[in-house]
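Accompanying notes for the structure given below.
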Amino acid sequence: MNKREAILPDEIIFGPVKSRLLGNSLGINLLPQASKLCNMNCIYCECGWTHTKSTKNFKFHGAGDVISNLKRKLKSLKGEGKMPDVITFVGNGEPTLHPEFDEIIAQALVVRNTYAPRTKVAVLSNAMNLSKPGVTKALMKADLCILKMDAGTNQMFQRINQPHSEKKLEKIVKQLSLFRGNLIIQSLFLKGTIQGDPLDNSDEENLSAWIERLKAVRPSRVFVYTLNHAIPAQGLEKIPKQRLNEIARRVRVLNIRALVS
Ligand code: SF4
Numbered sequence: 104m105n106k107r108e109a110i111l112p113d114e115i116i117f118g119p120v121k122s123r124l125l126g127n128s129l130g131i132n133l134l135p136q137a138s139k140l141c142n143m144n145c146i147y148c149e150c151g152w153t154h155t156k157s158t159k160n161f162k163f164h165g166a167g168d169v170i171s172n173l174k175r176k177l178k179s180l181k182g183e184g185k186m187p188d189v190i191t192f193v194g195n196g197e198p199t200l201h202p203e204f205d206e207i208i209a210q211a212l213v214v215r216n217t218y219a220p221r222t223k224v225a226v227l228s229n230a231m232n233l234s235k236p237g238v239t240k241a242l243m244k245a246d247l248c249i250l251k252m253d254a255g256t257n258q259m260f261q262r263i264n265q266p267h268s269e270k271k272l273e274k275i276v277k278q279l280s281l282f283r284g285n286l287i288i289q290s291l292f293l294k295g296t297i298q299g300d301p302l303d304n305s306d307e308e309n310l311s312a313w314i315e316r317l318k319a320v321r322p323s324r325v326f327v328y329t330l331n332h333a334i335p336a337q338g339l340e341k342i343p344k345q346r347l348n349e350i351a352r353r354v355r356v357l358n359i360r361a362l363v364s
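If you're matching positions, the sequence shown starts at 104 in my numbering and goes up one per residue.
Structure (structure tokens):
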């Protein structure tokens, strides 16, 4: 971690907070207080560098705790007349690493149907765990399944997302295509220098490769965004809004909706 301290949610349920793309979002953090767990180590992660990648001996919030906290919070928001637009699984790392992830999604949907039937349930995931039994099925149950794809080549994928396993981008793209369009792709664009080498996933070569991947996945929507927060790596900068808009236009040519934030 560099001098910038990451801000990690310290509660199971947090917010609602105003999300640029989702509206009023009530967050659910399945991972323990103030510690990040992830199977990637993205150079732009707002939680800082990943120090813990193994779930072994990791103490997760139990499914029962998560669901009772969600119920309590929704009851209280209902009393105040402040129902969120969306309940979002997001937090200190990758939510699908939770051993009871599928059970939690199933129960959260029941709670949502009871207390907040107009609220959507969203999950943000890095798509690294799609081979794990139950994960893809659970993700498909969410109203909004938002999966990460920042690169069009395996080399760029390795440099930006630094996955902890040998998994190749090709395999992830194949798994994403199995969602048959019931997913949103979230892609962060950035440029600069990493370990002395230039990096820009928005340049023409990388953008064309990314567009080819989108053609294979055919998501319902794409969220295009750039740095808007403190990050652990140095030497990186945001992509100008004009270029982000251009990227979105290229997506729309494929008849896929694109939103820039
Ligand atoms: S996948 Fe998400 S939580 Fe994990 S390192 Fe990347 S940005 Fe951070």
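The beta-carbon is built from N, C-alpha and C at its ideal position, and this holds for glycine as well.
Asked                                                                                                     : Found
Entirely enclosed beta strand (DSSP E) segments - the region 204-246, minimum 3 residues                  : 223-228
Simplified DSSP assignment, three categories, for residue 161                                             : coil
For residue 263, the three-state DSSP class (helix, strand or coil)                                       : helix
First and last residue of the uninterrupted alpha helix (DSSP H) at residue 188                           : That residue, residue 188, is in no alpha helix (DSSP H); it is neither H nor E in DSSP.
Stretch pair the region 246-265 + the region 198-211: three plus CB contacts closer than 8 Å              : no
Cα-Cα separation between residue 107 and residue 237, rounded to whole angstroms                          : Residue placement at residue 107 is poorly supported in this model, since its pLDDT is 35, which falls under 50; the coordinates still yield a value, given next. One C-alpha to the other measures close to 36 Å.
Simplified DSSP assignment, three categories, for residue 310                                             : helix
The ligand SF4 heavy atom lying under 7 Å from the CB of residue 196                                      : yes
DSSP bridge partner residues for residue 361 (one or two, in chain order)                                 : 325
Secondary structure of residue 253, DSSP reduced to three states                                          : coil
Inter-residue CB distance, residue 196 and residue 139 (contact presumed, cutoff 8 Å)                     : 5 Å
Residues bridged to residue 130 (per DSSP)                                                                : 117 and 191
Residue 304 CB to nearest heavy atom of the ligand SF4 below 7 Å                                          : no
As assigned by DSSP and simplified to three states, the class of residue 104                              : With a pLDDT of only 33 at residue 104, under 50, the local geometry of the prediction cannot be trusted, and no value is derived from it.
Proximity winner among 281, 172 and 189, relative to residue 128 (alpha-carbon distances)                 : 189
Neighbourhood of residue 289 by C-beta, 6 Å cutoff - its chain only, sequence neighbours within 5 removed : 249, 251 and 326
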